[in-house]
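Trainee: Shown below is the structure under consideration.
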Amino acid sequence: MKNKLAILTDIHGNRSALTAVLDEIDKDKEIEHIYCLGDLVGIGYETNEVLQLLFSRNDISFVLGNHDEAILDIISGREPYSKGKERDHHKWIASHLDRKFIQYLTAIPTTITKSYNGKIFLFLHYHLNEHNQFLSVDKEPASEKLDELYRTSNADIVCFGHHHVVHHFKSKERLYLNPSSLGCYHKPLAPFAIMTIGEKGELNVTLREVPYDNKEFLLGYNRLNVPDADYILKIFHGNQHLNYL
Numbered sequence: 001m002k003n004k005l006a007i008l009t010d011i012h013g014n015r016s017a018l019t020a021v022l023d024e025i026d027k028d029k030e031i032e033h034i035y036c037l038g039d040l041v042g043i044g045y046e047t048n049e050v051l052q053l054l055f056s057r058n059d060i061s062f063v064l065g066n067h068d069e070a071i072l073d074i075i076s077g078r079e080p081y082s083k084g085k086e087r088d089h090h091k092w093i094a095s096h097l098d099r100k101f102i103q104y105l106t107a108i109p110t111t112i113t114k115s116y117n118g119k120i121f122l123f124l125h126y127h128l129n130e131h132n133q134f135l136s137v138d139k140e141p142a143s144e145k146l147d148e149l150y151r152t153s154n155a156d157i158v159c160f161g162h163h164h165v166v167h168h169f170k171s172k173e174r175l176y177l178n179p180s181s182l183g184c185y186h187k188p189l190a191p192f193a194i195m196t197i198g199e200k201g202e203l204n205v206t207l208r209e210v211p212y213d214n215k216e217f218l219l220g221y222n223r224l225n226v227p228d229a230d231y232i233l234k235i236f237h238g239n240q241h242l243n244y245l
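In terms of the UniProt record's numbering, the sequence shown opens at residue 1 and continues consecutively.
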C-alpha cells in the first residue's frame, strides 16, 4: 500500500502558522505521519504554545534544529553558537521556556532514517559535517553539490530545512526536498509538503501554502518587547506588520 507523509520545518515559534498547517493536515486522513525538521522555536516568540501543540500529538517525529540547540545550550550552561543580538534573543526565548518541555527537546535526535516502500529517507535540519555540526547555508544549491555532500549516504530521499526557501532537486542519485519555513515567510502563508510513496516506490511531492491570519503574531513582537524585533520583522517577515499599524 502507498504511504503518505507530511513534511514541515522551521516553525520558529509561530503558533498561528502551525495551527493552520496542522488543521490542513488533519483534513487528509491518508496522511499517516508528520516529520518536523527542526527549529521549532526561536525567531518567533510563541515558544510554549508551539511546543504544547507539537508534543501533544503522537503522529510527529522531530529532528533538532540550530535554534532548538542554542536554547538548550543556554539552559544547560553551555556556550551557544549565537552571538550578539541573536544570543540576546535566544536568552530571552530560553528565559520564557516552560521547563516541562526541556525533557522533550533534549530527547530529539539530529537525524532520522526511515524506509517506506523500499525508499530510504534521511530527515535532518540541514547538511552536517563530519563532526555532526550544521554546515553554513549554501545560497546557490544544486543537485550536483548535494550529491557530493551525500556521496556516502544510502538515502534515496533527503529532507531538510534551515534555508528558508524551497529546495526540490532530483538527481540520478536521490531526491532532495526542503519545503521552506512554515513560520517565517514574507506573506501570510505557511508552507509545508506532502509526499506520497507508491507501492513500487514511486514518489509524488506536493508543495502546499496555507493562508492564515498573522496580524496578532506580528504585532506581538513589539508589544512583548522581543529582543531584535525590528530586525526579525524585516528579514524574516518582510515588514508585513507595517500593514497593520
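For glycine and all other residues, C-beta sits at the position ideal for the given N, C-alpha and C. Values in this document were obtained by computation on a predicted structure and should not be read as measured data.
Please report the straight-line C-alpha distance between Leu203 and Ile120, rounded to a whole angstrom.
Mentor: Within the sequence shown, residue 203 is the residue found at index 203, counting from 1. Within the sequence shown, residue 120 is the residue found at index 120, counting from 1. Roughly 12 Å between the two C-alpha positions.
Trainee: Should Ser82 go down as buried or exposed, given a rule of 16 or more other Cβ atoms within 10 Å for buried?
Mentor: Translated into the one-based positions of the sequence shown, residue 82 becomes position 82. With 16 or more other Cβ atoms within 10 Å, it is buried.
Trainee: Look up Ser115 in the DSSP assignment and give the residues it is bridged to.
Mentor: Start at 1 with the first residue of the sequence shown, and residue 115 comes out as number 115. According to DSSP, Ser115 shares a beta bridge with Ile120.
Trainee: Can you look up Thr196 in the DSSP assignment and give me helix, strand or coil?
Mentor: Reading the sequence shown from its first residue, position 196 is the one you call residue 196. Reduced to three states, the DSSP call for Thr196 is strand.
Trainee: Beta-carbon within less than 7 Å of Pro80's beta-carbon, same chain only, minus the 5 sequence neighbours each way: which residues are those?
Mentor: As a first step, residue 80 must be located in the sequence shown, where it is residue number 80. Cβ neighbours of Pro80 beyond the five flanking positions: Ala70, Asp73, Ile74, Arg87 and His90.
Trainee: Tell me whether Arg15 is buried or exposed, calling it buried when 16 or more other Cβ atoms sit within 10 Å of its Cβ.
Mentor: As a working note, residue 15 is residue 15 in the sequence shown. Buried is the call here.
Trainee: Counting only the same chain and skipping the five closest in sequence on each side, list residues whose C-beta sits under 8 Å from that of Leu213.
Mentor: Position 213 of the sequence shown, counted from the start, is the residue given in the question as residue 213. One point to set straight first is that residue 213 is Asp, not Leu, in the sequence displayed. Within the same chain, Asp213 has close Cβ partners Ser16 and Pro188.
Trainee: What residue range is occupied by the uninterrupted alpha helix (DSSP H) comprising Ala17?
Mentor: Taking the sequence shown and counting its residues from 1, one reaches residue 17 at position 17. Segment Arg15 to Lys27, the alpha helix (DSSP H) holding Ala17.
Trainee: Would you mind working out which of Asn154, Gln240 and Glu24 sits nearest Thr113, comparing C-alpha positions?
Mentor: Position 113 of the sequence shown holds residue 113. Here the closest residue by C-alpha is Asn154.
Trainee: Relative to the C-alpha of Gln133, which residue among Pro109, Leu245 and Pro141 is closest?
Mentor: Within the sequence shown, residue 133 is the residue found at index 133, counting from 1. Gln133 has its Cα closest to that of Pro109, out of Pro109, Leu245 and Pro141.
Trainee: Mapping DSSP to helix, strand and coil, what is Arg87?
Mentor: For this step, residue 87 is matched to residue 87 along the sequence shown. DSSP places Arg87 in helix when its eight states are reduced to three.
Trainee: Count the C-beta pairs between the stretch 25 to 37 and the stretch 94 to 102 that are closer than 8 Å, then say yes if the count reaches three, no if not.
Mentor: no
Trainee: By how many angstroms is the C-alpha of Tyr244 removed from the C-alpha of Thr206?
Mentor: Counting from 1 along the sequence shown, the entry for residue 206 is found at position 206. Counting from 1 along the sequence shown, the entry for residue 244 is found at position 244. One C-alpha to the other measures close to 32 Å.
Trainee: Please look up how many angstroms separate the CB atoms of Leu22 and Leu53, rounded, as I've assumed it's under 8 Å.
Mentor: In the sequence shown, counting from the first residue as 1, residue 22 sits at position 22. In the sequence shown, counting from the first residue as 1, residue 53 sits at position 53. Yes, Leu22 and Leu53 are in contact; Cβ-Cβ is about 7 Å, under 8 Å.
Trainee: Inspect the beta-carbon positions of Leu182 and Leu40 and report whether they are closer than 8 Å.
Mentor: The residue you call residue 182 lines up with position 182 of the sequence shown. The residue you call residue 40 lines up with position 40 of the sequence shown. Taking 8 Å as the cut-off, the beta carbon of Leu182 is found no closer than this to the beta carbon of Leu40.
Trainee: For Cys159, which beta-bridge partners are listed by DSSP?
Mentor: Counting from 1 along the sequence shown, the entry for residue 159 is found at position 159. Its beta-bridge partners are Phe123 and Leu177.
Trainee: Around the Cβ of Ala94, are there at least 16 other Cβ atoms within 10 angstroms (buried) or fewer (exposed)?
Mentor: Stepping through the sequence shown from its first residue, residue 94 is reached at position 94. It counts as buried.
Trainee: Output the distance between the C-alpha atoms of Phe78 and His167, rounded to the nearest integer angstrom.
Mentor: Residue 78 sits at position 78 when you count from the first residue of the sequence shown. Residue 167 sits at position 167 when you count from the first residue of the sequence shown. Looking at the sequence itself, residue 78 is Arg, so the reference to Phe does not match. Taking the straight line from one Cα to the other gives about 33 Å.
Trainee: Rounded to the nearest angstrom, what separates Ile157 and His67 at their Cα positions?
Mentor: Residue 157 sits at position 157 when you count from the first residue of the sequence shown. Residue 67 sits at position 67 when you count from the first residue of the sequence shown. When only Cα atoms are considered, Ile157 and His67 end up about 24 Å apart.
Trainee: Look up Ile31 in the DSSP assignment and say whether it is helix, strand or coil.
Mentor: By one-based count along the sequence shown, residue 31 stands at place 31. Coil.
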